[in-house]
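Trainee:
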Amino acid sequence: MMMNHRLVRRIAAPAFSLFAWIAFFLTSSCSGSLPDDRQSGLSRPPRYVFLFIGDGMGSAQIKLAELVRGRKPPLAMSAFPVSGTASTHAVDREVTGSAAAGTALATGRKTTIGTISMSADHSADFETVAEMAGRRGMRVGIVSNVSIDHATPACFYAHAASRDGYYGIAMQMASSGFEYFGGGFAKGALDSGRPAGLLLRTMRDSGYAIVGDRKGLENASQGKKYWAYGDYDRSGALGYRIDGGGDRLRLADFVRAGIGLLEGERGFFMMVEGGKIDWACHANDAATAAHEVEDFDEALGVALSFYRRHPGETLVVVTADHECGGLSIGNAAGGYGLHPELLRHQKVSFEVFSGKVCSWAGGGVSFPMALDSAKAYFGLGDVSRDFLLALSSREKAALKKAYRASMNGGSGGSGYGPDPLTEALVSMLNSKAGIGWASDTHTAVPVPVFAIGKGADQFCGAYDNTDIAKKIIRIAALRD
Ligand SMILES: [Zn+2]
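Residue numbers (this note's numbering): 24 to 503.
Below is the structure:
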């Protein structure tokens, strides 16, 4: 039903004044909770700057992660003294993508969908905060748990008309001169026909040491430039946190190593991306997304420990490039009922479970056996754990239909990978938990911003994503 605009304004007016008061108090508490900064003033810029980007991480994703964590302490980012929100639109689309949003966060300027730190017409490169920091003598680190040539990290060191030119983007790591690249491998060097050897050789010729395991990362020492990566999948990304993996290197390890490599008189700028929150949200997999937010927050905890050792000279900013999935906490099926604890029964990501289902396609796994797997990996049908996990005959019939489609080689409706059975199971558990999804792509809702440390109070309020880079440039005195 469409609402009359004047009516909306009349309803919105008192709400706005309430909002203004809330904003006033928030602003007051923002500046009041930063004694370090008030004492030192902004006369000397922070020596150390962290920019954390949760890809696809809206406010709902953060809340979801806290609900799924249960009684554990709240996420580190939730305890930041300063918060704000940022709009995310691109030049040519209200609902942005990671390249255009990454460009805004990296350069303070808007561009078109798919463009990596270049003008909308691709006629000019935009200088990035990382490049500015490097030019001013600071050390620079770029960290992501997806491939290092993916859109978000690329926006800080590369310039490209299309984010899909992965190989050319990866090659620009070598000419960046940045001291540290950490996390994923290069997708461009894994795509067929692209020689990984040439990329690795070019990196080595440009003075980079390349390490691919924990021992190598822990032995890395200052005085060299590094590209460090962990166990990666065929897209160059590290695995989902929910899928475990024992001693596998995670985002937090790469942040810890980066601090060791970059700390010193010259100071540093470090960008850290949690890239797979977005991927889990594209697949509408709430449990996996919650674990990814937690993984990102754990990496943030490493930066916060560093901040506590250098409170008067460190700035930490956390934000997202965009929301993904239109995640809602509370759904039409459950009304006011919310049972996020049910998501703890999910033991693997949609990706890993879908891999299992695909391996059944040759036959030998009957529908009852598939239901046993659903019970083991999603808790669905296991009323001994929770009666809310019971499957009705209608739900069983829906799963049987999805099972048949998967056995016949069908792909899921979302287009983001999972087969029909996996998609149905994830969706069913989400629905019972009270989780809703409005989309399998990004949305235009503003993203949260959190800040702590030197100059953090500048991040209070509502602004555009380009302002985040502009604020960092101003606070850290990166522009000549
Ligand atoms: Zn995305």
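Beta carbons: idealized from backbone N, C-alpha and C, even for Gly.
Using only alpha-carbon positions, find the residue among Ser142, Gly205, Lys455 that is nearest to His173.
Mentor: Among Ser142, Gly205, Lys455, the Cα nearest to that of His173 is on Gly205.
Trainee: Rounded to whole angstroms, what's the CA-CA distance from Leu411 to Asp405? Just pull it up for me.
Mentor: Taking the straight line from one Cα to the other gives about 9 Å.
Trainee: Quick check: does the Cβ of Asp301 come within less than 6 Å of any heavy atom belonging to ligand 1?
Mentor: Yes, ligand 1 has a heavy atom inside 6 Å of this Cβ.
Trainee: So for Ser101, helix, strand or coil by DSSP?
Mentor: Three-state result, Ser101: helix.
Trainee: Can you list, in chain order, the residues of its chain whose CB lies under 8 Å from that of Lys423, leaving out five sequence neighbours each side?
Mentor: Closer than 8 Å at the Cβ level, and outside the excluded window around Lys423, lie Phe390.
Trainee: Could you name the residues of the same chain whose beta carbon sits closer than 6 Å to that of Lys248, not counting the 5 residues immediately before and after it, in chain order?
Mentor: The answer, listed in chain order, is Glu202, Gly230, Tyr231.
Trainee: Pick out whichever of Gly107, Ser66, Leu452 has its Cα sitting closest to the Cα of Gly81.
Mentor: Nearest C-alpha to Gly81: Gly107.
Trainee: Going by the beta-carbon positions, is the gap between Phe473 and Met100 smaller than 7 Å?
Mentor: Result yes, Cβ atoms of Phe473 and Met100 sit closer than 7 Å.
Trainee: From what residue to what residue does the alpha helix (DSSP H) around Arg227 run?
Mentor: From DSSP, the alpha helix (DSSP H) with Arg227 extends over 219–228.
Trainee: Pick out whichever of Tyr190, Gly220, Gly200 has its Cα sitting closest to the Cα of Gly214.
Mentor: With the sequence shown as reference, residue 214 is identified as Asp, and Gly is not the correct amino acid for it. The residue with the shortest Cα to Cα distance from Asp214 is Tyr190.
Trainee: Decide if the stretch 137–146 is in contact with the stretch 211–228; the criterion is three or more beta carbon pairs, one per stretch, under 8 Å apart.
Mentor: Because the criterion of three Cβ pairs below 8 Å is not met, the stretch 137–146 and the stretch 211–228 do not touch.
Trainee: Can you tell me whether DSSP reads Lys370 as helix, strand or coil?
Mentor: Lys370: coil per DSSP, three-state reduction.
Trainee: Taking 6 Å as the cut-off, does the CB of Cys178 come closer than this to any heavy atom belonging to ligand 1?
Mentor: No.
Trainee: According to DSSP, is Arg572 helix, strand or coil?
Mentor: Because residue 572 is not part of the residues shown, which for the chain are 24 to 503, the question remains open.
Trainee: Bridge partners of Thr108, per DSSP?
Mentor: The partner list for Thr108 (beta bridge, DSSP) reads Pro471, Ala485.
Trainee: Could you tell me the boundaries of the alpha helix (DSSP H) in which Phe291 lies?
Mentor: Segment 291–297 is the beta strand (DSSP E) holding Phe291; no alpha helix (DSSP H) there.
Trainee: Using C-beta distances below 7 Å, list every residue in its chain close to Val234, excluding the 5 sequence neighbours before and after it, in chain order.
Mentor: If we look at Val234 and ignore the five residues flanking it on each side, its Cβ neighbours are Leu240, Ala243, Tyr249, Ala251.
Trainee: Quick one: residues in its chain with C-beta nearer than 6 Å to the C-beta of Lys455, no 5 flanking neighbours on either side, listed in chain order?
Mentor: Contacts found: Leu365, Leu411.
Trainee: Give the DSSP-derived three-state secondary structure of Gly281 in the structure shown.
Mentor: DSSP places Gly281 in helix when its eight states are reduced to three.
Trainee: If Gly297 and Thr466 are in contact, beta carbons under 8 Å, what's the gap, nearest whole angstrom?
Mentor: At roughly 18 Å, the Cβ-Cβ gap does not stay under 8 Å, so Gly297 and Thr466 are not in contact.
Trainee: Kindly indicate which residue of Trp383, Ala313, Trp460 has the alpha-carbon position closest to the one of Val91.
Mentor: The shortest C-alpha separation from Val91 is found at Ala313.
Trainee: For the 8 Å Cβ check, are there 3 or more pairs between the stretch 325–339 and the stretch 179–196?
Mentor: Not touching, per the Cβ criterion.
Trainee: Are Phe278 and Gly476 closer than 7 Å when you measure CB to CB?
Mentor: Sequence inspection shows Val at residue 278; the Phe mentioned does not correspond to that position. Going by C-beta atoms, Val278 is not nearer than 7 Å to Gly476.
Trainee: Please specify which runs of the beta strand (DSSP E), each continuous and at least 3 residues long, are wholly inside the stretch 126–188, giving them in chain order.
Mentor: Segments of the beta strand (DSSP E) lying fully in the stretch 126–188: 162–167.
Trainee: At the level of alpha carbons, what is the spacing between Arg502 and Thr151?
Mentor: Going from the Cα of Arg502 to the Cα of Thr151 covers about 11 Å.
Trainee: Output the boundary residues of the beta strand (DSSP E) element that contains Thr445.
Mentor: Per DSSP, Thr445 belongs to no beta strand (DSSP E); it is in the alpha helix (DSSP H), 443–456.
Trainee: Count the other CB atoms, across all protein chains shown, that sit within 10 Å of the CB of Pro97; report buried if there are 16 or more and exposed otherwise.
Mentor: It counts as exposed.
Trainee: Determine contact between the stretch 110–125 and the stretch 262–277, defined as no fewer than three beta-carbon pairs at a distance below 8 Å.
Mentor: No, they do not touch.
Trainee: If you draw a straight line from the C-alpha of Ala310 to the C-alpha of Ser146, how long is it?
Mentor: Approximately 42 Å between the Cα atoms of the pair.
Trainee: Output the residue ranges of the alpha helix (DSSP H) runs that lie fully inside the stretch 322–397 and measure 4 residues or longer, sorted by chain position.
Mentor: Those alpha helix (DSSP H) runs which fall completely within the stretch 322–397 and span 4+ residues are 373–383.
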